[in-house]
Structures are given as structure tokens and as C-alpha cells.
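Peer 1: Numbering (this note's numbering), first residue to last: 18 to 417.
Here is the structure:
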């Protein structure tokens with residue numbers, strides 16, 4: 018079978034591999050994805066010198082990643098994700114000088130520090146080590162190689178135990194589209210030169226020990242769709258520039274110590290936002306008008322802050338895609354005694370969760386609440402100083 022160039026055996030139930038010789042083989046692609054292969058990764062694979070594509074993912078391989086894989090210098094894609102391999106990432110993988118994609122995610126037994134030699138591979142486009150048990154600081158030579166700084170576009174390292182500060186050089190990789198470093202043990206501040214990454218579409222840094230303020234330079238990211246800075250130690254105001262990123266779809270800032278009010282300046286807004294999480298901060302001010310214009314918004318959480326003023330009486334007129342609305346534990350009131358904002362929410366046909374508890378609404382529930390979405394599962398309005406006398410039209414609410 019020396020003429021065989023491509024071998025695809027994915028999506029089967031193979032449990033073992035025959036030990037074959039690759040000497041003199043022209044095999045360029047070996048795909049064993051999603052089988053039931055057990056034991057150690059076979060050593061004969063390192064003899065397949067012509068391999069460009071190697072996928073061993075979603076199997077039950079154990080033991081370490083063979084350092085001999087570093088001999089496959091023509092490899093462009095190496096995928097060993099979702100297995101039971103353990104130990105450290107071999108530094109010999111740094112010898113894969115033509116490698117473009119290195120996918121080692123979802124191996125919870127993979128430990129140790131990320132080898133700095135990996136960042137000498139100038140052809141790397143994608144690195145995904147998510148959901149492992151990696152430790153130590155990130156190598157400081159990240160993006161220091163000129164060619165790598167012009168090609169790396171996808172860096173995903175979330176859900177590890179990586180420490181230290183975010184390397185300053187990282188922000189020199191101008192082609193980055195995705196950066197996910199969330200849920201590690203990073204410390205320090207978010208570097209201001211992050212604003213240089215103008216192609217960035219997703220930035221996830223939440224769940225770390227990051228301190229300081231959110232850099233206003235984030236507003237220089239015109240293509241950003243996902244910004245995750247939740248569960249950190251951030252303080253200060255949310256920069257108004259963040260609310261001027263028209264491409265933003267998901268903004269998660271909950272569980273910080275952010276303060277100040279949200280911008281109400283005409284021209285600011287998030288027309289494409291679908292998820293907006295601001296809960297558990299020290300935010301103040303009125304309900305921002307731009308939110309009522311976010312017609313694609315599905316989940317809005319402003320709970321456990323110090324917002325005040327009226328809940329817009331027409332809030333549901335434009336937010337017709339709304340599924341979850343949480344205003345718990347603020348100082349919101351209603352502009353009318355009949356809590357007219359509830360009537361407007363009958364326009365939201367996908368509502369699952371409404372929470373207004375702990376706001377001094379001081380009114381009575383309108384009969385229109387019987388027309389709230391049939392998908393409604395939770396409706397909380399404790400400690401709101403409201404009155405409600407059940408009527409024939411409102412008893413239908415109990416269908417939830």
C-alpha cells in the first residue's frame with residue numbers, strides 16, 4: 018500500500034490499530050477521528066514522514082503524546098483532542114515547521130507549561146488548548162516572530178490553570194480573530210495595545226484575576242462580536258466606546274466592581290447585541306435608552322446593581338426577541354401605577370424568565386399579564402410593593 022495517500026476511518030467503532038510500517042509510504046492524510054481506539058498512540062505513526070494531516074481526536078488513547086511526532090516535519094494539521102492522553106506537551110512539537118493548526122483541547126490530563134518552542138513555528142494559524150490542566154506562565158516569545166505575528170489568527174486557551182500576566186507581545190499578532198484566555202489564573206491589567214487587533218471578533222478574558230479598568234481602546238475593535246470580561250476584578254466605568262461597537266453580539270461584564278452609569282448619548286448603541294450581562298456590579302443611573310433599541314436582544318441581566326428611574330413603559334415594543342429579563346435588586350420604578358411596562362412585554366413571544374424582585378415598583382399588576390408569553394417559566398416580583406387581585410383574565414398566568 019505504498020501508493021496510499023489518504024486513509025479515512027473516522028466515525029467507526031475501531032478499538033485497536035494494527036502495527037504497520039510507514040517506511041517508504043506516501044501516506045499524507047490519516048483520519049481516525051471518533052473511534053474507540055485505546056492504549057498509547059502507536060509509535061509507527063512517527064514513521065509516516067509524508068503526513069500533512071493527522072487526526073487522532075475523540076478516542077480513548079492514554080499515555081503521553083509521543084515526542085516522535087515532532088519528526089513529522091511536513092505536518093500542517095495535528096489534532097489530538099478529546100482523548101485521555103496525559104503528561105506534558107512535548108517540546109519536540111516545536112520542530113513541526115510547517116504546522117498550521119495545533120488542536121489539543123479537551124484533554125483534562127494534559128499538564129505542564131506550554132513549550133515556548135511552539136511559538137517559533139512561523140506558520141501557525143490556530144492554537145487550541147482549551148479545557149486541559151496546563152499551568153505556568155505563557156511564553157514571552159508569543160508573537161515575537163515576525164511571520165507568526167502576521168499569520169496567527171486563533172488562540173484558545175480557556176479553562177486551564179495558566180498564570181502570570183498576559184504577554185505584551187500577544188497584541189502584536191495583528192491577524193488575531195479569536196483570543197480566548199478565560200477561566201485561568203491570569204493577573205494584572207488588560208493591555209491598552211489590545212486596540213491594535215482591529216480584526217478581532219472574539220475576546221474572552223473572563224474568570225481571571227485581572228484588575229484595573231476596561232481600556233477605552235477596546236472601542237477601536239470594529240469587528241468585535243464577543244467581549245467576555247465577566248467574573249474578574251475590574252473597576253471603574255464601562256468605556257462609552259464599548260457601546261459604539263455596532264458588531265457586538267455578546268457582552269458579558271457581570272460579577273466585577275464596575276461603577277458609573279451607562280451612556281445615553283444618541284448615536285451610541287448595540288444594534289446587533291443578543292446577550293447583555295451586567296449583573297452584580299455597582300452600576301448606577303437610569304435605564305439606558307439604547308437598550309430599548311436593541312431589537313435582537315435575547316438575554317438582558319442588569320440585576321444586583323444600583324440602577325434607578327423608570328423601567329421604560331414601551332420596553333417590550335422593540336425587544337420582541339427577548340427571552341430573559343433580570344432587573345433584580347435595583348431601585349427601578351414604574352412610570353404608571355398599572356406597571357405598563359408589563360403590558361408592553363406581552364409583545365415578547367419568546368419570554369422564559371422575568372425577574373423584577375427587590376425594586377420599589379409601587380403599583381398593581383395589570384390584567385394584561387395574562388397575555389404574557391406561553392413559554393414563560395419564571396416570573397418573580399417579590400418585595401416590589403405591588404398589589405394584585407386575581408381576575409379571570411390573570412389566572413391564565415398560572416399556566417407557567
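Glycine residues also receive a C-beta, built at the ideal position from the N, C-alpha and C atoms. Owing to the predicted nature of the structure, the values given are computational and were not obtained by experimental measurement.
Per DSSP, which one or two residues make a beta bridge with residue 250?
Peer 2: 228
Peer 1: So the alpha helix (DSSP H) residue 359 belongs to, where does it begin and stop?
Peer 2: 357-361
Peer 1: Contact defined as beta carbons within less than 8 angstroms: I believe residue 102 pairs with residue 126. What is the distance between those atoms, to the nearest angstrom?
Peer 2: 7 angstroms
Peer 1: If you draw a straight line from the alpha carbon of residue 381 to that of residue 351, how long is it in whole angstroms?
Peer 2: Roughly 10 angstroms separates the two Cα atoms.
Peer 1: Using DSSP with H/G/I as helix, E/B as strand and the rest coil, what is residue 387?
Peer 2: helix
Peer 1: So is residue 25 buried or exposed if we call it buried at 16+ other beta carbons inside 10 Å?
Peer 2: Under the 10 Å beta carbon count, residue 25 is surrounded by fewer than 16 other beta carbons and is classified as exposed.
Peer 1: What's the call for residue 416, buried or exposed, on a 16-neighbour Cβ count within 10 Å?
Peer 2: Note that residue 416 has pLDDT 44, beneath the 50 cutoff, so the model's placement of it is unreliable and the number below is only indicative. Its Cβ having fewer than 16 others within 10 Å, residue 416 is exposed.
Peer 1: If we ignore side chains and look at the alpha-carbon of each, how far apart do residue 106 and residue 331 end up?
Peer 2: 56 angstroms
Peer 1: Kindly provide the ranges of any beta strand (DSSP E) runs that are 3 or more residues long and lie completely inside the segment 39-114, ordered along the chain.
Peer 2: 46-48, 55-57, 70-72, 77-79 and 94-96
Peer 1: For residue 182, which residues in the same chain have their Cβ closer than 7 angstroms to its Cβ, ignoring the five residues on either side in sequence?
Peer 2: 203, 204 and 205
Peer 1: Let me confirm a value: residue 400 is counted as buried when at least 16 other C-beta atoms fall within 10 Å, else exposed. Which label applies?
Peer 2: The residue is exposed, with fewer than 16 neighbouring Cβ atoms inside 10 Å.
Peer 1: Tell me the residue span of the alpha helix (DSSP H) that contains residue 380.
Peer 2: First-last for residue 380: undefined, no H or E at that position.
Peer 1: Give the straight-line distance between the Cα atoms of residue 345 and residue 257, rounded to the nearest whole angstrom.
Peer 2: 24 angstroms
Peer 1: Can you tell me whether residue 136 is buried or exposed? The criterion is at least 16 other CB atoms within 10 Å of its CB, across all chains shown.
Peer 2: buried
Peer 1: With residue 267 and residue 228 assumed to form a contact (beta carbons below 8 angstroms), what rounded beta-carbon distance in angstroms separates them?
Peer 2: In fact, because the Cβ distance is near 23 angstroms, the residues do not count as touching under 8 angstroms.
Peer 1: Buried or exposed: which applies to residue 271, given that a residue is buried once 16 or more other Cβ atoms fall within 10 Å of its Cβ?
Peer 2: buried
Peer 1: CA-CA distance, residue 392 and residue 385?
Peer 2: Cα to Cα, the separation comes out at about 16 angstroms.
Peer 1: In the DSSP output, what is residue 316 paired with across the bridge?
Peer 2: 292 and 341
Peer 1: I need the boundaries of the beta strand (DSSP E) containing residue 243, first residue and last residue.
Peer 2: 243-245
Peer 1: Might you give, ordered along the chain, the residues of its own chain that have their beta carbon closer than 7 angstroms to the beta carbon of residue 368, omitting 5 neighbours on each side?
Peer 2: If you ignore the 5 residues before and after residue 368, its C-beta comes within less than 7 angstroms of the C-beta of 339, 340, 362, 389, 390, 392 and 393, all in its own chain and listed in chain order.
Peer 1: Mind checking residue 412: buried by the 16 CB within 10 Å criterion, or exposed?
Peer 2: With a pLDDT of only 49 at residue 412, under the threshold of 50, the placement of this residue in the model should not be trusted; the figure read from the coordinates follows. The residue is exposed, with fewer than 16 neighbouring Cβ atoms inside 10 Å.
Peer 1: Leaving out five residues on either side along the sequence, give the residues of the same chain with a beta carbon under 7 angstroms from the beta carbon of residue 334.
Peer 2: 361 and 364
Peer 1: For the beta strand (DSSP E) containing residue 326, name the first residue and the last one.
Peer 2: 323-328
Peer 1: What does DSSP give as the partner residue(s) for residue 118 in the beta ladder?
Peer 2: Looking at the DSSP assignment, residue 118 forms a beta bridge with 94 and 143.
Peer 1: DSSP on residue 393, reduced to helix/strand/coil?
Peer 2: Looking at residue 393 - three-state DSSP - the assignment turns out to be coil, as it is neither helix nor strand.
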